[in-house]
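Notes for the one structure printed next.
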Amino acid sequence: AIWVQTFSNSPFVARFLCEAPHPPAAMSCFDCFCGLFGGEAAKKKAALVKAKGLVRSLVAEKSCGPILIRTAWHDAGTYDKANASKPWPEAGGAIGSIRTEHEIKAPPNAGLQKAITAYLSPIKEQVPEVSWADLIQLAGAVSVECMGGPVIPMKYGRVDGEPKELVPPPFGLPAALPPFGQPGVKNPNDAAEHLRYVFYKYGMDDKDIVALSGAHTIGRAFKERSNTVREGYMDGTVYTKKGAAALKNSQTCGGRSWTKDWLIFNNSYFTDMPKADPECITFPTDAVLMTDPSFKQHFDLFAKDQSAFFSAYASAHKKLSECGSKFEPASGITGI
Numbered sequence: 004a005i006w007v008q009t010f011s012n013s014p015f016v017a018r019f020l021c022e023a024p025h026p027p028a029a030m031s032c033f034d035c036f037c038g039l040f041g042g043e044a045a046k047k048k049a050a051l052v053k054a055k056g057l058v059r060s061l062v063a064e065k066s067c068g069p070i071l072i073r074t075a076w077h078d079a080g081t082y083d084k085a086n087a088s089k090p091w092p093e094a095g096g097a098i099g100s101i102r103t104e105h106e107i108k109a110p111p112n113a114g115l116q117k118a119i120t121a122y123l124s125p126i127k128e129q130v131p132e133v134s135w136a137d138l139i140q141l142a143g144a145v146s147v148e149c150m151g152g153p154v155i156p157m158k159y160g161r162v163d164g165e166p167k168e169l170v171p172p173p174f175g176l177p178a179a180l181p182p183f184g185q186p187g188v189k190n191p192n193d194a195a196e197h198l199r200y201v202f203y204k205y206g207m208d209d210k211d212i213v214a215l216s217g218a219h220t221i222g223r224a225f226k227e228r229s230n231t232v233r234e235g236y237m238d239g240t241v242y243t244k245k246g247a248a249a250l251k252n253s254q255t256c257g258g259r260s261w262t263k264d265w266l267i268f269n270n271s272y273f274t275d276m277p278k279a280d281p282e283c284i285t286f287p288t289d290a291v292l293m294t295d296p297s298f299k300q301h302f303d304l305f306a307k308d309q310s311a312f313f314s315a316y317a318s319a320h321k322k323l324s325e326c327g328s329k330f331e332p333a334s335g336i337t338g339i
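Following our numbering, the numbering of the sequence shown begins with 4 at its first residue and continues without gaps.
So, in structure tokens, the structure goes:
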């Protein structure tokens, strides 16, 4: 048999053609690929490559990257390293459990059902070999890249899991406004203490916190989802209302964004926040990055150097995406 590698117009799709005198009638190119390069492992990797292409098309068509990133973060963000000694998956994390009724209908995840049912479920049907945990994290990472952000060196092969011990909302996720009622927060009005409580339990440091906060360069807050802004689906700012250029192909207008070009992933969160644009959000958990001495050094660097921000962000995003995950194979699947 002669194997010829050809590439379609998509950079994420490769075809392997089996040229043999009498190939089995039922054998597809996909079967040939999997048979030559490792059976089930190759089949899963091929499915991940396909999923990546489907997500890229989805983000381009719907401009839905922000909600996919938020979904990935909120799935991974249930992790608490203090519970790491418990049987998997009791520590939470990037295990796909955000799909459960207990999590998806909780207040911190308001609005994310759409990401699961309308955006990701149709893709999951086409790639059943990909776990929900992988698909959710893949969608978040690909969305960052599609909107102009860094390429994140992701690892896949996550196993889906559901903790038996149900943690009550807000699942250890960060809040936008005080009082910050998370356990371990001594001052309910201290945004810096709150951020450190949340992210330190992921194994993060202050640089990671500032880098991940920079993802607010994209996305919006809605009254109906978080009740932290006055703008909802039927209202908006000059950057988010119906007809605004920044909406691109988004099917949902309204809300309030952190930046004016909220579908472009860059360092404008850092460069523009000090300007205090009245059309944009600055929550206490954002503003504190400019005043807390440890946070400020990273904030100032990222404002001056987008490449430094991208490098730090890619590292922190990858770290968050692997919190609590169980991989099969244990070494994971890379190169997607």
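Cβ coordinates follow ideal geometry from the N, Cα and C atoms, glycine included.
It is roughly 24 Å from the alpha-carbon of Asn270 to the alpha-carbon of Glu64. If you check the CB distance, Ala142 and Val58 come in under 7 Å. Looking only at Gly114, Pro156, Leu292, the smallest Cα-Cα distance to Gly338 is reached by Pro156. Annotated three-state conformation of Ala97 is coil, per DSSP.
By the CB criterion at 7 Å, Ser66 and Lys251 fall inside the cutoff.
DSSP places Gly327 outside any alpha helix (DSSP H), giving it a letter other than H or E. In terms of Cβ geometry, Ser100 and Glu165 form a close pair [threshold 7 Å]. DSSP places Val58 in the uninterrupted alpha helix (DSSP H) bounded by 43-65.
In this model, Ile72 and Ser334 are separated by some 24 Å (Cα to Cα). DSSP, read as helix, strand or coil, puts Ser229 in helix. Excluding five sequence positions before and after Pro173, the CB atoms of its chain that fall closer than 6 Å to its own CB belong to Pro111, given in chain order. Residue pairing of Arg161 in beta bridges, as defined by DSSP: Phe330.
Each of Lys307, Tyr203, Ile98 was checked against the Cα of Ala85, and the nearest Cα belongs to Tyr203.
Between the alpha carbons of Gly175 and Lys226 lies a gap of roughly 21 Å. The beta carbon of Gly151 lies closer than 8 Å to those of Ile267, Phe268, Asn269 in the same chain, with the five residues before and after it left out. Beyond the five residues adjoining it in sequence on each side, Ala87 comes within less than 7 Å, by CB distance, of Ala94 in the same chain, given in chain order. In the three-state scheme derived from DSSP, where H, G and I count as helix and E and B as strand, Ser260 is classed as strand. The shortest CA-to-CA distance from Gln116 to any of Pro153, Ala75, Thr231 is the one to Ala75. Under the three-state reduction of DSSP output, Ile336 falls in the strand class. DSSP places Gly239 in the strand class (E or B) of the three-state scheme. Nearest in C-alpha terms to Tyr242, of all of Val130, Gly235, Lys329, Trp265, is Trp265. Residue Val145 holds the alpha-carbon nearest to the alpha-carbon of Gly56 among Val145, Glu132, Thr81. Between the alpha carbons of His77 and Val147 lies a gap of roughly 15 Å.
In the structure shown, Ala247 falls within a coil segment according to DSSP collapsed to helix, strand and coil. For Tyr200, the enclosing alpha helix (DSSP H) has its first and last residue at 194-203. Note: Arg73 is not bridge-paired with any residue in the DSSP secondary-structure output. Selection Thr231, Cys326, Val133 evaluated against Ile336 yields Val133 as nearest (Cα-Cα).
Counting C-beta pairs with one atom in each stretch, the segment 192-207 and the segment 302-318 have fewer than three that are closer than 8 Å, which means they do not touch. DSSP places Ala79 within a helical segment (H, G or I) once states are collapsed to three.
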